[in-house]
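> Line order of the protein sequences matches chains A and B. For the first sequence, my numbering gives the first residue as 518, with consecutive numbering after it. For the second sequence, my numbering gives the first residue as -14, with consecutive numbering after it. Where is the CB? At the ideal position from N, CA and C, for every residue including glycine. The structure that follows is given in the form of structure tokens.
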Amino acid sequence: DGGITQSPKYLFRKEGQNVTLSCEQNLNHDAMYWYRQDPGQGLRLIYYSQIVNDFQKGDIAEGYSVSREKKESFPLTVTSAQKNPTAFYLCASSPRTSGIPFSYNEQFFGPGTRLTVL
Amino acid sequence: AQKVTQAQTEISVVEKEDVTLDCVYETRDTTYYLFWYKQPPSGELVFLIRRNSFDEQNEISGRYSWNFQKSTSSFNFTITASQVVDSAVYFCALTLYSGAGSYQLTFGKGTKLSVIP
């Protein structure tokens, strides 16, 4: 089945440690996104990538880093510089449609990773 | 400034009642897209509908319907004869120009709907 997988589902980290969240898609989508969700809040964009080896900062990129070495994969690293990393992290992807921005297309979401800093 | 406002934080209805979720947006763009997503307790967002700014026709899909009114910058979502399975958080979202030729999706804070049997 085509879709987006995120692992692990739950992640615990000690304060001061970096941690990497995995996101893989087999939908052959060009664009991929990382969002953060806090209780009672909407989704906020961390980073996005529209093509391999290229990515852009979203609204809350500080304390996070990403890479896009393969079309299928877009891992997110939460660094120790992120002041309040406990949150629910969602990865998404969207296809390319010639002539229109990626964000005009439907985004497909993974099941999310819940990160807790102890 | 908030670009997508979902004023209803939580709504509870009894099964079979109709319910409308409100969404008001703000944009200077003449071309834009609006979306609704559903987030069930499992956490994964599910796409419900996309509407572009040039298409003001109302949409109906089974028990779901959407009312898009540019004059009031609203894109409201109605569930008819609600069911327990409709219990979820619903997000309205808008594409916004973020500079350097890029657009991003901006979400409202969501409305938590609880359907009571």
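(1) With a Cβ-Cβ cutoff of 8 Å, do A/Cys608 and A/Gly580 count as a contact?
(2) DSSP state of B/Asp71, grouped into three classes?
(3) Can you tell which of B/Asp71, B/Thr5, B/Glu2 and B/Thr(-10) has the C-alpha that lies nearest to the C-alpha of B/Leu19?
(4) Helix, strand or coil for B/Ser87 per DSSP?
(5) So B/Lys23 is in the beta strand (DSSP E); what residue range does that whole segment cover?
(6) Is DSSP giving A/Ser620 helix, strand or coil here?
(7) Would you say A/Gln599 faces chain B, with C-beta separation under 8 Å as the test?
(8) If the cut-off is 8 Å on Cβ atoms, which residues from the region 579 to 611 of chain A count as contacting chain B, listed in chain order?
(9) Tell me the DSSP secondary structure of B/Thr15 in three-state form.
(10) Buried or exposed for A/Arg553, please, with buried defined as at least 16 other CB atoms from any protein chain shown within 10 angstroms of its CB.
(11) When Cβ atoms are compared, which residues of the region 61 to 95 of chain B fall closer than 7 Å to chain A?
(12) Roughly how many angstroms lie between the CA atoms of B/Asp7 and B/Lys94, to the nearest whole one?
(13) Is any beta-carbon of chain A found at less than 8 Å from that of B/Tyr10?
(14) Whole angstroms is fine: what's the gap from B/Ser38's alpha carbon to B/Thr16's?
(15) What do you get for A/Asn601, buried or exposed, if any count of 16 or more other CB atoms within 10 angstroms of its CB means buried?
(16) Give a yes or no on whether 8 Å exceeds the smallest Cβ distance from A/Glu532 to chain E.
(17) In whole angstroms, what separates the C-alpha of B/Asp40 from that of B/Ile34?
(18) What separation, rounded to the nearest whole angstrom, lies between the Cα atoms of B/Leu81 and A/Asn570?
(19) For B/Phe32, return the contacting residues in chain A, with the cut-off set at a CB-CB distance below 9 Å.
Inspection of the coordinates gives the following:
(1) no
(2) helix
(3) B/Thr(-10)
(4) strand
(5) Tyr18 to Gln24
(6) helix
(7) no
(8) Phe605, Leu607 and Ala609
(9) coil
(10) buried
(11) Phe76, Thr80, Ser87, Tyr88, Gln89, Leu90, Phe92, Gly93, Lys94 and Gly95
(12) 12 Å
(13) no
(14) 6 Å
(15) exposed
(16) Looking for chain E here will not work: the only protein chains present are A and B.
(17) 13 Å
(18) 24 Å
(19) Glu623, Gln624, Phe625 and Phe626
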